[in-house]
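Going by my numbering, the residue at position 58 of the sequence shown is 155; the numbering climbs one at a time, nothing skipped.
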Amino acid sequence: MKILILPFNMKLLQTIAISVSLVLCSCGNESKPTVVYPDSTNNEQNAQRELDTTLVLNGELPIHFKKTDYLLFPIGTIKSSTRGLTKLYSGSVSNGDFSLSMGYLSEYNYIGNLDNLKIQHLDSLKFRSITNKNLKIRSFKFLESIQKEAGINLLVLNITDIDTNKDGELNDDDVESLYLSHISGRNFKKLTNDYQELLDWRVIEVNRKLYFRTLEDIDRNGEFNKSDKIHHYYASLESEDFEAVEYFPLD
Numbered sequence: 098m099k100i101l102i103l104p105f106n107m108k109l110l111q112t113i114a115i116s117v118s119l120v121l122c123s124c125g126n127e128s129k130p131t132v133v134y135p136d137s138t139n140n141e142q143n144a145q146r147e148l149d150t151t152l153v154l155n156g157e158l159p160i161h162f163k164k165t166d167y168l169l170f171p172i173g174t175i176k177s178s179t180r181g182l183t184k185l186y187s188g189s190v191s192n193g194d195f196s197l198s199m200g201y202l203s204e205y206n207y208i209g210n211l212d213n214l215k216i217q218h219l220d221s222l223k224f225r226s227i228t229n230k231n232l233k234i235r236s237f238k239f240l241e242s243i244q245k246e247a248g249i250n251l252l253v254l255n256i257t258d259i260d261t262n263k264d265g266e267l268n269d270d271d272v273e274s275l276y277l278s279h280i281s282g283r284n285f286k287k288l289t290n291d292y293q294e295l296l297d298w299r300v301i302e303v304n305r306k307l308y309f310r311t312l313e314d315i316d317r318n319g320e321f322n323k324s325d326k327i328h329h330y331y332a333s334l335e336s337e338d339f340e341a342v343e344y345f346p347l348d
C-alpha cells in the first residue's frame, strides 16, 4: 500500500490563519453598544424595526406560592408559523422546540421572557395586571424567606424596560433593571436608575433589606466596562415606598 504525502505549504497555512483572524476580528467589532443615549444623532441605531406580525399573546397556567392569597398568570408572546395546513407555535425561550411555554418555574424563581403578570385573588374572578408599561420581565422571585421572617409577600423582578441600544426591540442587549412589588401587584416599583446596568442583588433577612449593585457608564461611551462606576443601594422591604438608598462602603 502506498502512502501519499502531500507537500506542506507553510505560506499557505499562514495566509489561511491570517484570513480567519481578520474575519473573527471584524465580526467582533460589529457588536453594538449597550446604551445609545437620547441625545445621540445616530439615525441608523435610532431606527425602529417593523412590527413582527407572527407574535401572538399567550397566557400560561397559574402559579401559586404557599401561604399567599394570589395566583400569578405569566403573560408573554409566542411566535406562530404555518407549515402546510398546520399552524405551529414556538415559545420565545424554547430554543427551537415547538411549545406554548414562555419560561419555567424552579421552586420560588420563574425565568422567562414575559410581557406582563396577571394577578388574581383566590376569592375573585377578576385579573389585575402588574403593569401597563411596555417591558420584558426576564425573571421574578418570590421572597419566601421574608414571608417567614416578616409575613410580607414580595416579588423581586429583573426587567428590561428601555430600548437602551435603540434597535427597536427590548432584548438581552438592553440594560436590565430591578423592580420590587407586593404579590398583589401593589407598589410595583423600579429600584434602579435609568441607563444603569443591574449587576446583582441579595436579600438580608436579619434586617429585612434588599441590597443591590448597578454599573453606571460614566464616560458615556455606550459600553459597560471596569472603568465605569459601581453604585451600591439598599431598600427596606418593610417600607411602603421601597425607596432605594445609596450607600458608600468604600468611603
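Positions of the beta carbon are idealized from the N, C-alpha and C atoms, including for glycine. As the structure is a computational prediction, the values presented were derived from the model and not from experiment.
Burial state of residue i, where buried means 16 or more other Cβ atoms lie within 10 Å
i, result
"E302", "exposed"
"S189", "Low confidence applies here, because S189 scores a pLDDT of 45, under 50, leaving its location unreliable and the question unanswered by this model."
"R235", "buried"
"N140", "Because N140 sits at a pLDDT of 44, beneath the cut-off of 50, its placement in the model cannot be relied upon, and the point is left open."
"K263", "buried"
"D166", "exposed"
"V272", "buried"
Which of helix, strand or coil DSSP assigns to residue i
i, result
"K323", "coil"
"I243", "helix"
"I259", "coil"
"R317", "coil"
"P159", "coil"
"G173", "strand"
Residue i vs residue j beta-carbon contact at 8 Å
i, j, result
"S274", "K286", "no"
"T251", "H218", "Note that residue 251 corresponds to Leu in the displayed sequence, not to Thr. The answer is no: Cβ separation not under 8 Å."
"V300", "I243", "yes"
"G173", "D212", "yes"
"L277", "L307", "yes"
"E335", "I249", "yes"
Separation of residue j from residue i, as counted between CA atoms
i, j, result
"N284", "L168", "17 Å"
"N290", "Y330", "11 Å"
"R304", "E241", "Sequence inspection shows Asn at residue 304; the Arg mentioned does not correspond to that position. Their backbone Cα atoms lie some 15 Å apart in a straight line."
"L158", "D316", "45 Å"
"T131", "G209", "21 Å"
"L267", "I259", "7 Å"
"L232", "R310", "21 Å"
"T257", "D269", "8 Å"
N- and C-terminal bounds of the beta strand (DSSP E) containing residue i
i, result
"T311", "K306 to E313"
"D297", "Q293 to I301"
"Y205", "Segment: none, Y205 is in no beta strand (DSSP E) and carries neither H nor E."
"S274", "S274 to H279"
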